[in-house]
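J.: Residue numbers (the numbering used here), protein chains in the order written: chain A, 3 to 221; chain B, 74 to 328. There's a structure below that I have some questions on.
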Amino acid sequence: MNSKSQELADLFLAGNEDQALHLVQTYLEKHTKDELYQLVLTPAMYWIGELWEKNIITVADEHLATAICDFVVSVTEVRRPVQSLQKKKAMVLGPEGEDHYIGLKMVASLLKENGWEVQYLGPNLPLDAAIDSADRWKPDVIALSAALAYRLPVLKKYAEAFIALDFKPTVVLGGRAVSMANLPVSDTEGIIIVKDLDQLKNWIQSGKEPDNDFSISFG
Amino acid sequence: MTSASHLDEWPLPAFKLNSKLAIVEYSEEAKKLVGDCSSFLEILDEGSKEKAREFLSSDRPSEPLELNFISVSKELFLGDVYSKWESDFCLNIVLVPKGNRLLEITSQLLSLRTRLQETNYDLLLEKERTEELLQQVRQLSAPCIDLGKKHVLIPLFGDLDPRKIEVIRFHILNRIYETGAETVIMDLTAMEQLEQGGVDYLESLMQTFKVMGIHGIVTGIKPQHALQLHHLKNGHDLHFVSSLQTVLASRKLLL
């Protein structure tokens, strides 16, 4: 992990929102938002997760860090709608039981910056409610993420339910669990797997599926 | 497991585990909380199993170990585990469930902050809207009325400040050019406050008229404006008339 992420993780854990915001804004003077998300925030939050596994911090610390990170992401988000001729629609959510949502926010922000219309439904969303929203709004893309590996079966269940919808949305799966999974290669039409935000961005801009040497079986 | 465990009297959930983390004995409180089970790992959330295995197996100094448990009613709860190896085969464990209060407060604070952030943004939007409206008001506060006979009347409304003149200047000059007017009557009857900056701008506007070969007349000056405006006359081809009616009558512009 780089020193910026380390520094930021410490500020998040200390609940120091002013300095965290200052660090991020200074970083943004010379870097893009994508770089901030991909190279600084993501490693910082992964590191905080590891600290809990190492019994160095508590869940309360994690929650505080998440709240500060959320604040920083919200402040730096582009609020003005980006002009775009044909607006594509994306729905962003986390499956039931999954409370990690910073990744979802970053995905929503990335999509918005690329001219997409985004509905951010947040984490821990029951499948029924998700299907209901999807049916009403009919998004082109439904993006899902999971942080913990044992959530992959739930993610699979959601993905399968979404691709079965009659308006055939594309389902994008991401998150730490997905990027760390190392399962046999298999392709299911309509499901895109992105290892990180960079791959998501490439997919948004080129429409080409990421060429990963791993994949998750949804056969 | 003995039916009357000597752990039963313990006020907190307590367990005795063997070296494979199988539950050998547990207290009444423990049973109430997590129900019947044979292995300690069984009562843990997936994400906590590896952590428990790693930390409980080694005899590290007893920092409390934070783990997620599954209750008898299948709900997740967070707890601190205090452990001590009695022998190589026997691990004593006390579980201290953590209230969710702290996490609730954290999320309440977060939602409050989010609301502030939203309000902040809404206010920003409102401010931008107000600016736009103000801009519109400024533009509308100087209509150019074509009186015929190459005369244009511009009644100025509201306060005269530099920003207003800046906004209306382009619009006025364009209109005058389009109508081919030779005389512009600026009527200040509906003018309220006159800022010094506004007076300076007015002067430069008059200067521009002169360059365009247009005769400027200022009418409707109130006594309180007179003091600020009197120097305008210096060196300019300007004409002050007390009332608009006088000008219109003298130029036979009245019906």
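Where a beta carbon is used, it is the ideal one built from N, C-alpha and C, also for glycine. Every value quoted in this text rests on a predicted model; they were computed, and no experiment measured them.
Where residue 165 of chain A and residue 201 of chain A are concerned, what is the direct C-alpha to C-alpha distance, given to the nearest angstrom?
T.: Position 163 of the first sequence, counted from the start, is the residue given in the question as residue 165 of chain A. Position 199 of the first sequence, counted from the start, is the residue given in the question as residue 201 of chain A. The straight-line gap from Cα to Cα measures roughly 21 angstroms.
J.: With DSSP as the reference, please indicate the residues paired to residue 48 of chain A in a beta bridge.
T.: Taking the first sequence and counting its residues from 1, the one referred to as residue 48 of chain A is at position 46. BP columns for residue 48 of chain A are empty, so no partner.
J.: Indicate whether at least one CB of chain B lies closer than 9 angstroms to the CB of residue 77 of chain A.
T.: Position 75 of the first sequence, counted from the first residue, corresponds to residue 77 of chain A. Cβ-Cβ to chain B under 9 angstroms: yes for residue 77 of chain A.
J.: Is the region 105 to 114 of chain A touching the region 39 to 53 of chain A, taking contact as three or more C-beta pairs under 8 angstroms?
T.: Judged by Cβ distances under 8 angstroms, the region 105 to 114 of chain A makes contact with the region 39 to 53 of chain A, as three or more pairs qualify.
J.: Is the distance from the Cβ of residue 56 of chain A to the Cβ of residue 79 of chain A below 9 angstroms?
T.: Here residue 56 of chain A is taken as the residue at index 54 of the first sequence, counted from 1. Here residue 79 of chain A is taken as the residue at index 77 of the first sequence, counted from 1. No, they are not a contact pair.
J.: Check the Cβ of residue 190 of chain B against every Cβ in chain A and list those closer than 8 angstroms, keeping chain order.
T.: On the second sequence, residue 190 of chain B is found 117 positions in, with the first residue counted as 1. Here the neighbours are 73, 76, 77.
J.: Apart from the five residues on each side of it in sequence, which residues of its chain come closer than 7 angstroms, Cβ to Cβ, to residue 12 of chain A?
T.: Start at 1 with the first residue of the first sequence, and residue 12 of chain A comes out as number 10. There are no such residues.
J.: Mapping the DSSP letters down to three states, classify residue 99 of chain B as helix, strand or coil.
T.: Translated into the one-based positions of the second sequence, residue 99 of chain B becomes position 26. DSSP places residue 99 of chain B in strand when its eight states are reduced to three.
J.: Mind checking the region 152 to 166 of chain A against chain B and listing, in chain order, the residues whose C-beta falls within less than 8 angstroms of any C-beta there?
T.: Correct list: 152.
J.: When you check each C-beta in the region 117 to 139 of chain B against every C-beta of chain A, which residues fall closer than 7 angstroms?
T.: Correct list: 119, 120, 124, 128, 136, 138, 139.
J.: Alpha carbon to alpha carbon, how far is residue 153 of chain A from residue 100 of chain A?
T.: Along the first sequence, read from residue 1 onward, the residue named residue 153 of chain A stands at position 151. Along the first sequence, read from residue 1 onward, the residue named residue 100 of chain A stands at position 98. Distance between the alpha carbons of residue 153 of chain A and residue 100 of chain A is about 7 angstroms.
J.: Quick one: is residue 24 of chain A near chain B, going by C-beta distance under 9 angstroms?
T.: On the first sequence, position 22 is the one that residue 24 of chain A refers to. No, no contact with chain B.
J.: Using a Cβ-Cβ cut-off of 7 angstroms (strictly less than) and excluding sequence neighbours within five positions of residue 320 of chain B, which residues of its own chain qualify?
T.: The residue given as residue 320 of chain B occupies position 247 in the second sequence. Counting only Cβ-Cβ distances below 7 angstroms, and skipping sequence neighbours, we find 258, 290, 292, 314.
J.: Select from the region 212 to 240 of chain B all residues with a C-beta closer than 9 angstroms to any C-beta belonging to chain A, and list them in chain order.
T.: So nothing in the stretch comes that close.
J.: Within 10 angstroms of the Cβ of residue 207 of chain B, are there 16 or more other Cβ atoms? Answer buried if so, exposed if not.
T.: Working through the second sequence from its first residue, we reach residue 207 of chain B at position 134. Exposed: under 16 other Cβ atoms inside 10 Å.
J.: Along the chain, where does the alpha helix (DSSP H) that runs through residue 155 of chain A open and close?
T.: On the first sequence, position 153 is the one that residue 155 of chain A refers to. Element bounds for residue 155 of chain A: 154 to 165.
J.: Does the beta-carbon of residue 58 of chain A have 16 or more other beta-carbons within 10 angstroms, so that it is buried, or is it exposed?
T.: Position 56 of the first sequence, counted from the first residue, corresponds to residue 58 of chain A. Classification for residue 58 of chain A: exposed.
J.: Which chain A residues are close to residue 168 of chain B, counting only those with a beta carbon under 9 angstroms from its beta carbon?
T.: Translated into the one-based positions of the second sequence, residue 168 of chain B becomes position 95. By Cβ distance, chain A contributes nothing, its closest Cβ being about 15 angstroms from residue 168 of chain B, past 9 angstroms.
J.: What's the call for residue 218 of chain B, buried or exposed, on a 16-neighbour Cβ count within 10 Å?
T.: On the second sequence, residue 218 of chain B is found 145 positions in, with the first residue counted as 1. With fewer than 16 Cβ atoms within 10 Å of its Cβ, residue 218 of chain B is classed as exposed.
J.: Determine which residues share a DSSP beta bridge with residue 170 of chain B and list them.
T.: As a position in the second sequence, residue 170 of chain B is number 97, starting the count at 1. Its beta-bridge partners are B:152.
J.: Could you check whether the Cβ of residue 33 of chain A sits closer than 9 angstroms to any Cβ belonging to chain B?
T.: Translated into the one-based positions of the first sequence, residue 33 of chain A becomes position 31. Closer than 9 angstroms: no.
J.: What does residue 2 of chain A touch in chain B if you count any residue whose Cβ is under 7 angstroms from its own?
T.: Outside the shown range of chain A, which is 3 to 221, sits residue 2 of chain A, and nothing can be said about it.
J.: DSSP puts residue 195 of chain A in a beta bridge; with which residues?
T.: The residue labelled residue 195 of chain A in the question sits at position 193 within the first sequence. Beta-bridge pairing links residue 195 of chain A to A:175.
J.: Closer than 7 angstroms by C-beta to residue 242 of chain B: which residues in its own chain qualify, once you throw out the five before and the five after it? Chain order, please.
T.: For this step, residue 242 of chain B is matched to residue 169 along the second sequence. Answer for residue 242 of chain B: 278, listed in chain order.
J.: Taking 9 angstroms as the CB-CB limit, is residue 148 of chain A close to chain B?
T.: Against the first sequence, residue 148 of chain A aligns to sequence position 146. Chain B contact via Cβ: absent.
J.: From which residue to which residue does the alpha helix (DSSP H) around residue 271 of chain B run?
T.: On the second sequence, position 198 is the one that residue 271 of chain B refers to. Segment 269 to 284, the alpha helix (DSSP H) holding residue 271 of chain B.
J.: The beta strand (DSSP E) that contains residue 24 of chain A, what's its start and end?
T.: Translated into positions along the first sequence, residue 24 of chain A becomes position 22. Careful: residue 24 of chain A lies outside any beta strand (DSSP E), inside the alpha helix (DSSP H) at 19 to 32.
J.: Mind checking if residue 188 of chain A is an interface residue toward chain B, Cβ cutoff 9 angstroms exclusive?
T.: Taking the first sequence and counting its residues from 1, the one referred to as residue 188 of chain A is at position 186. Per-residue confidence for residue 188 of chain A stands at a pLDDT of 45, beneath the threshold of 50, marking its modelled position as unreliable; no derived number is given.
J.: Hey, is the region 165 to 182 of chain B in contact with the region 103 to 113 of chain B, meaning 3+ C-beta pairs nearer than 8 angstroms?
T.: Contact holds: three or more Cβ-Cβ distances are below 8 angstroms.
J.: Quick check on residue 68 of chain A: buried or exposed, where buried means 16 or more other Cβ atoms within 10 Å of its Cβ?
T.: Here residue 68 of chain A refers to the residue found at position 66 of the first sequence. So residue 68 of chain A counts as buried.
J.: Measuring only between beta-carbons, confirm whether residue 180 of chain B sits less than 9 angstroms from chain A.
T.: For this step, residue 180 of chain B is matched to residue 107 along the second sequence. By this cut-off, residue 180 of chain B is an interface position.
J.: Any C-beta of chain B sitting closer than 9 angstroms to the C-beta of residue 11 of chain A?
T.: On the first sequence, residue 11 of chain A is found 9 positions in, with the first residue counted as 1. With 9 angstroms as the cut-off, residue 11 of chain A does not count as an interface residue toward chain B.
J.: Check whether the Cβ atoms of residue 176 of chain B and residue 65 of chain A lie closer than 9 angstroms to each other.
T.: For this step, residue 176 of chain B is matched to residue 103 along the second sequence. For this step, residue 65 of chain A is matched to residue 63 along the first sequence. In this structure, residue 65 of chain A lies closer than 9 angstroms to residue 176 of chain B by Cβ.
J.: Classify residue 158 of chain B as helix, strand or coil using the three-state DSSP reduction.
T.: Translated into the one-based positions of the second sequence, residue 158 of chain B becomes position 85. Of the three classes helix, strand and coil, the one that applies to residue 158 of chain B here is strand, per DSSP.
J.: In whole angstroms, what is the alpha-carbon distance linking residue 274 of chain B and residue 91 of chain A?
T.: In the second sequence, the residue the question calls residue 274 of chain B occupies position 201. In the first sequence, the residue the question calls residue 91 of chain A occupies position 89. Their Cα atoms are separated by approximately 50 angstroms.
J.: To which residues of the same chain is residue 17 of chain A closer than 7 angstroms at the C-beta, ignoring the five residues directly before and after it?
T.: Translated into positions along the first sequence, residue 17 of chain A becomes position 15. Excluding positions up to five away in sequence, the list reads 66, 70.
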